[in-house]
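Please read the structure below before turning to the comments.
Below, the structure is given as C-alpha cells:
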C-alpha cells in the first residue's frame, strides 16, 4: 500500500514541479526574498508530501494486516 501511494506522489510531484516552475516565473513580482526556483522550498514540499503519503498508506496497511484473512474472506 505504501509503494502505491508513493508512486502516485512521485507522479504528482513531477507534474507539480513543472507547473510550479512555470507559475513561479509568471508570479516573480509577488515573490519576496525568494527566487522562482528556490530549491529549499521545493525540497521541503516534496518531503512533506512524501511523509504524508507514507503515513496515509501505513495506517490502512497496518489495520488490514491485523485482520485474519480467513475471517475477512468469509465475511464477503
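Numbering (our numbering), first residue to last: 831 to 906.
Ideal placement from N, C-alpha and C gives every residue a C-beta, glycine not left out.
Note that the coordinates shown come from a computational prediction; the quantities given were computed from them, not determined experimentally.
Residue i - DSSP class collapsed to helix/strand/coil
i           : result
residue 864 : coil
Residue from the options with nearest C-alpha to residue i
i           : options            : result
residue 836 : 891, 895, 879      : 879
residue 838 : 900, 868, 884, 865 : 884
residue 855 : 841, 843, 834, 868 : 868
Other residues of its chain near residue i: CB distance less than 8 Å, five sequence neighbours each side excluded
i           : result
residue 850 : 872
First through last residue of the alpha helix (DSSP H) which encompasses residue i
i           : result
residue 889 : 869-895
residue 904 : 899-905
residue 836 : 832-856
7 Å Cβ shell around residue i - same chain, five flanking residues per side excluded
i           : result
residue 898 : none
residue 832 : 884, 887, 888, 891
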